[in-house]
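> Residue numbers are given in numbering that gives the first Met the number 0: position 160 of the sequence shown equals residue 159, and the series is strictly consecutive.
Provided herewith is a single structure, encoded as structure tokens, for subsequent inquiry.
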Amino acid sequence: MRKSLSLLLASVALLALPIAARAGNLVVMDEYGQGFFNTLTLPSTLGVDPTGGLPTWNVLIYTLPYPGLPGDVLVNEPGVSGLSDVIRFDGNFHMIFYSDNTDGYDAPADTPSPPSPLLSNQFTVDEQGSEAFNWADWNPTPNQPGYDATYLPAYHAISDGYAPEPASLALLGLGALGVLARRRR
Numbered sequence: 000m001r002k003s004l005s006l007l008l009a010s011v012a013l014l015a016l017p018i019a020a021r022a023g024n025l026v027v028m029d030e031y032g033q034g035f036f037n038t039l040t041l042p043s044t045l046g047v048d049p050t051g052g053l054p055t056w057n058v059l060i061y062t063l064p065y066p067g068l069p070g071d072v073l074v075n076e077p078g079v080s081g082l083s084d085v086i087r088f089d090g091n092f093h094m095i096f097y098s099d100n101t102d103g104y105d106a107p108a109d110t111p112s113p114p115s116p117l118l119s120n121q122f123t124v125d126e127q128g129s130e131a132f133n134w135a136d137w138n139p140t141p142n143q144p145g146y147d148a149t150y151l152p153a154y155h156a157i158s159d160g161y162a163p164e165p166a167s168l169a170l171l172g173l174g175a176l177g178v179l180a181r182r183r184r
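Printed below as a string of structure tokens:
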């Protein structure tokens, strides 16, 4: 009985975290400039595109604690033609978030188009979730954009919605565990 309760609680705790968090160091970012590397805040700024992908538009630039392998992560929205978002790594500690503007320009990452040209090193991932809150998770392997052999990062990019603070995620998981434990009794 105790063993099954422990297994159930551990399973719920794992489900409370984004899938990407299970791989290694977690990078969470949204299109509003809120980002985290594990429990540390990732600095972000709205500025001139350091890669020249959108030279006449200010883009959302996150500063990473590692260089990240250069390349573009292409985010597709299932059922919609064209790119939803592009996450670019410049190999110089920057991650740039280019988000589509189909619902207007309501977030700092919203751009008039994807960067041009796209970098030759590309990885494609599908968006998950509903139109009100969607995200993309990926764990780059060697030679994929954003990979770093020292940190082995995993990514959780929130396209519509806000990145929850790490403490909020922990409280959510703790609350879920408490509810399950009480129900079990």
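Ideal placement from N, C-alpha and C gives every residue a C-beta, glycine not left out.
#1: Are the beta-carbon atoms belonging to leucine 59 and alanine 108 less than 9 Å from one another?
#2: Tryptophan 56 by DSSP, collapsed to three states: which one?
#3: Do you know offhand how far valine 26's Cα is from serine 129's?
#4: Between valine 124 and valine 79, how many whole angstroms is the CB-CB distance? I'm expecting something under 8 Å.
#5: Under the assumption that tryptophan 137 contacts valine 72 (Cβ atoms under 8 Å), give the Cβ distance between them as a whole number of angstroms.
#6: With a threshold of 6 Å on Cβ separation, who are the neighbours of proline 152 within its own chain once the five nearest residues in sequence on each side are excluded?
#7: Within 10 Å of its beta-carbon, does proline 42 have 16 or more other beta-carbons around it, so buried, or fewer, so exposed?
#8: Pull the bridge partners of aspartate 109 from the DSSP assignment, please.
From the atom records:
#1: Against the sequence shown, residue 59 aligns to sequence position 60. Against the sequence shown, residue 108 aligns to sequence position 109. Yes; because the gap between Cβ atoms is below 9 Å, this pair is in contact.
#2: Position 57 of the sequence shown, counted from the start, is the residue given in the question as residue 56. Of the three classes helix, strand and coil, the one that applies to tryptophan 56 here is coil, per DSSP.
#3: Translated into positions along the sequence shown, residue 26 becomes position 27. Translated into positions along the sequence shown, residue 129 becomes position 130. It is roughly 21 Å from the alpha-carbon of valine 26 to the alpha-carbon of serine 129.
#4: Reading the sequence shown from its first residue, position 125 is the one you call residue 124. Reading the sequence shown from its first residue, position 80 is the one you call residue 79. Not quite, the Cβ-Cβ distance comes to about 14 Å (not below 8 Å), so this is no contact.
#5: For the purposes of this step, residue 137 is taken as residue 138 along the sequence shown, with counting starting at 1. For the purposes of this step, residue 72 is taken as residue 73 along the sequence shown, with counting starting at 1. Here tryptophan 137 really is in contact with valine 72; their C-beta atoms are around 7 Å apart, less than 8 Å.
#6: Numbered from its first residue, the sequence shown carries residue 152 at position 153. Cβ within range, chain order: Asn24 and Val26.
#7: Here residue 42 refers to the residue found at position 43 of the sequence shown. Classification of proline 42: exposed, given that the 10 Å Cβ count is below 16.
#8: As a first step, residue 109 is located in the sequence shown; it is residue number 110 there, counting from the start. Here aspartate 109 is bridged, per DSSP, to Ser98.
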